[in-house]
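In our numbering, the protein residues as written are 2 to 533.
Note that CB positions come from ideal geometry on N, CA and C, so glycine has one too.
All values derive from a computational prediction rather than experimental measurement.
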Amino acid sequence: MVKLSRVEDLSTPSEVYNYTVYLSSIVATFAAVMIGYDSAFIGTSISLPSFKDEFILTHKPTSELNLISANIVSMYQAGSFFGAIFGYPIGYYWGRKYGLMASSAIFCVGAILQIAASSRTGLGIIYAGRVIVGLGIGVASNLAPIYVAEIAPPAIRGRLIGLYELCWQIGGVVGFWINYGTNQNIAPGHIQWLIAFAIQLIPGGLLLLGSFFLIESPRWLVSRDRNAEALKNLSRIRHLPQNAPFLADEYRDIETAIAHERGLVGAGFWGPIITVLRSKKLMIRVLIGSSLFAWQNATGINAINYYSPTVFKSFGLTGTSTPLLTTGVFGIIKLVGALIWLLYLVDTVGRRNMLFAGSVGGALSMYYIGAYIAIADPADHPKSTLDAGGRSAVAFFYVWTIFYSPTWNGTPWVVSAEFFPQHVRTFTQALMAASNWLYGFVIARFTPQMFTAMGYGVYIFFASLMILSIVYVFFFIPETKLVPLERMDDLFAPGLTPWRAHGVVMQRIREENAAKQQQGETEKGSVTSQSI
């Protein structure tokens, strides 16, 4: 059975781990269902013969078809990039709750535009809808992880932020399977490809509805001088009275941290931006956090997400249904991996160890796939059924998925949500989310051309990058497991190397807690003796 116990070194009342904090996190991270679905369905949708027939793509030359496919996919990524940037002023002025509400409304507008597309309108309205959907998703990808990071107790923070990844994979499973289902059960035509586009409205509408019930982040409220409301919301989220010692300590820590941060940057909109740009240590953290999304894309995940039918055809799979079915299985494995990561690995194994394991296993699998395609050359030697070599290539692709999904899939989002102090977190999270979409845009824009020009070299290329990521993580990424948000600066203190920073900081925290406990017992004993 999956281990569900919490891993913590701090003394925390059991009331803190309650249904409110979980439900609030689920509602916020439901934004990732929109993201996962959109990332998954589009590649299989544009591969359907009914879609190609609708927009007269069937007989276009490969180079032109590659360009159209890349544009449809990458317009979404471009919109998400700018949406993530706009997420900063939205999050600053409107807060996390209303920001998520706005993002879901924008998403729904973009989805409706895509539903209106047909042979009469051409692809232009799909391009516009993809950009607008991307804008909404970019805002959500900024605000959802940061909201959860701000309301979560440290011992389950990784798990709750990890719900974002779980929801992403749930959306992905639906997105991967929807076109297989329509291809099998709906006659080719306008309705067949339209169904997948219309289903976008379901996760978008549910997030819009759920946002009305969110409790605004106490940390954001304190940053906006709404202190009484912040204490009230913290009490609601923790299920503790406002005068409870634990709640008072946590609230005081938030106020102290924000007061200190304001003393550094001021309380204005531009303060965090200027602070990040002027601070060498924060700029280094921005570069490190951003680089994690570059290395995540270097695994090849977005090439596979958006062009999975192309990937499986390179193994020798033919027809329409078989690549769609194989893609659906890929989505299920990713979901199972995300569940294991969420329920056990993220707060137990640690961030660094998972990234190491994912890179090693993923690289070996990609090298095998590349070697098979180089030797067997299934594209030039097509067969009606897969031979043993082709089946082994599919198997190793699933092995790659098993290594990737519980490691690189969600861990960069967790780390990037944890790295930065409150006074700059909304701005830096915008940069982190924008980084994800920027690198995804590059991959989405050029993957079709890469497969045409490089063949098996695509797999060797991604495998080699995964090997290089091992070296990068070891030398530049500190472990953040169990470290309170207010202590993240300690991980980057001068003289501490990333591979030993976590142990040093956690030892200091344990010593400080022991000293507080001893002081409390001494004061209690003093009061008792005086009363006697």
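Quick one, which of the options has its alpha-carbon nearest residue i's?
| i | options | result |
| --- | --- | --- |
| P485 | F42, F82 and P155 | P155 |
| P310 | A260, V330 and Q297 | V330 |
| A245 | M507, R501 and P14 | P14 |
| E480 | V350, A364 and K517 | V350 |
| A536 | G172, H60 and N19 | Past the boundaries of the shown model lies residue 536; the chain is included only from 2 to 533, so the question cannot be answered. |
| L101 | F52, L124, Q193 and E217 | E217 |
| S51 | A258, Y181, R225 and F475 | Y181 |
| C168 | F477, A464 and A339 | A339 |
| L209 | N354, Y308, V361 and A33 | A33 |
| I289 | S417, M467, T448 and F442 | S417 |
| I285 | G390, A79 and A494 | A494 |
| S470 | N228, P413, H240 and W178 | P413 |
| N228 | S212, L207, P242 and R253 | R253 |
| N26 | Y165, L114 and A112 | Looking at the sequence provided, one finds Ser at residue 26 rather than Asn. Among Y165, L114 and A112, the Cα nearest to that of S26 belongs to Y165. |
| A188 | N306, C109, I376 and L49 | L49 |
| N19 | L114, A153 and A434 | A153 |
| L195 | G176, I478, T63 and I374 | G176 |
| R239 | H503, F477, L466 and V22 | V22 |
| Y368 | N410, Y457, S104 and E65 | Y457 |
| E151 | A258, L325 and L68 | A258 |
| A539 | S360, M35 and E251 | Because the chain here runs from 2 to 533, residue 539 falls outside it and cannot be looked at. |
| A129 | A377, A79 and F247 | A79 |
| I43 | F198, D378 and I86 | F198 |
| V395 | S12, W178 and L326 | L326 |
Quick one: residues in its chain with C-beta nearer than 6 Å to the C-beta of residue i, no 5 flanking neighbours on either side, listed in chain order?
| i | result |
| --- | --- |
| V3 | In this prediction, V3 scores a pLDDT of 32, lower than 50, which makes its location untrustworthy; the coordinate-derived value is nonetheless stated afterwards. L344 and Y345, listed in sequence order. |
| S6 | Residue placement at S6 is flagged as unreliable, the pLDDT there being 39, under the threshold of 50; a coordinate-derived value is accordingly withheld. |
| V8 | Since pLDDT at V8 reaches only 46, below the 50 mark, its modelled position is unreliable, and no value is offered. |
| S393 | none |
| I255 | R220 and V223 |
| I468 | A364 |
| S436 | S291 and F294 |
| I69 | none |
Who are the near neighbours of residue i in its chain, counting only those whose CB is closer than 8 Å to its CB and skipping five residues on each side?
| i | result |
| --- | --- |
| L283 | T276, V277, F421, V425 and T429 |
| D10 | Because D10 carries a pLDDT of 46, less than 50, the predicted location of this residue cannot be relied on, and the following value inherits that uncertainty. Within the same chain, D10 has close Cβ partners L483, M507, I510, R511 and N514. |
| K517 | none |
| M455 | F462 |
| V123 | The amino acid occupying residue 123 in the given sequence is Gly; Val does not appear at that position. Around G123: F56. |
| P407 | G338, A339, I341, W342, L346, M355 and G359 |
How is the alpha helix (DSSP H) around residue i delimited, first residue to last?
| i | result |
| --- | --- |
| N234 | N228 to R239 |
| T402 | A389 to Y405 |
| K314 | I302 to S315 |
| E419 | T412 to E419 |
| L318 | Careful: L318 lies outside any alpha helix (DSSP H) and carries neither H nor E. |
| D381 | From DSSP, D381 is part of no alpha helix (DSSP H); its letter is neither H nor E. |
| G456 | G456 -> no alpha helix (DSSP H), and no H or E assigned at all. |
| V287 | K281 to A299 |
| L209 | L202 to S212 |
| R220 | P219 to S224 |
| W169 | P155 to N186 |
| N72 | T63 to I116 |
| K53 | P50 to E55 |
| R131 | G125 to I152 |
| D348 | Run containing D348: none; DSSP gives neither H nor E here. |
| L195 | H191 to A199 |
| K37 | Contrary to the premise, residue 37 reads as Gly rather than Lys in this sequence. Where G37 is concerned, the enclosing alpha helix (DSSP H) stretches over A32 to S46. |
| L492 | M489 to L492 |
If you drop the 5 nearest sequence neighbours on each side, which residues of the same chain put their C-beta closer than 7 Å to that of residue i?
| i | result |
| --- | --- |
| I333 | V174 |
| L432 | V287 and S291 |
| V415 | G159, I162, G163, V347 and R352 |
| Q170 | G37, K335, L336 and A339 |
| V505 | L497 |
| G206 | C109 |
How close, in whole Å, do the beta carbons of residue i and residue j come, if the pair is a contact with beta carbons under 8 Å?
| i | j | result |
| --- | --- | --- |
| I107 | A118 | Their Cβ separation, rounded to whole angstroms, is 18 Å, which puts I107 and A118 out of contact at 8 Å. |
| S1 | F316 | The chain is shown from 2 up to 533; residue 1 falls before or after that span and cannot be answered. |
| Y94 | F294 | Their Cβ separation, rounded to whole angstroms, is 26 Å, which puts Y94 and F294 out of contact at 8 Å. |
| G211 | V140 | Not really, about 16 Å apart at Cβ, beyond 8 Å. |
| I91 | I73 | Contact flag wrong, Cβ pair sits at about 26 Å. |
| A1 | S75 | The chain is shown from 2 up to 533; residue 1 falls before or after that span and cannot be answered. |
| N67 | T453 | 6 Å |
| L144 | S105 | About 11 Å; that fails the 8 Å criterion. |
Taking 7 Å as the cut-off, does the CB of residue i come closer than this to any heavy atom belonging to the ligand GDP?
| i | result |
| --- | --- |
| F421 | The model depicted lacks the ligand GDP and carries no ligand whatsoever. |
Consider the Cβ of residue i: report whether some Cβ of chain D lies at a distance smaller than 8 Å.
| i | result |
| --- | --- |
| F214 | This model lacks chain D altogether; it includes just one protein chain. |
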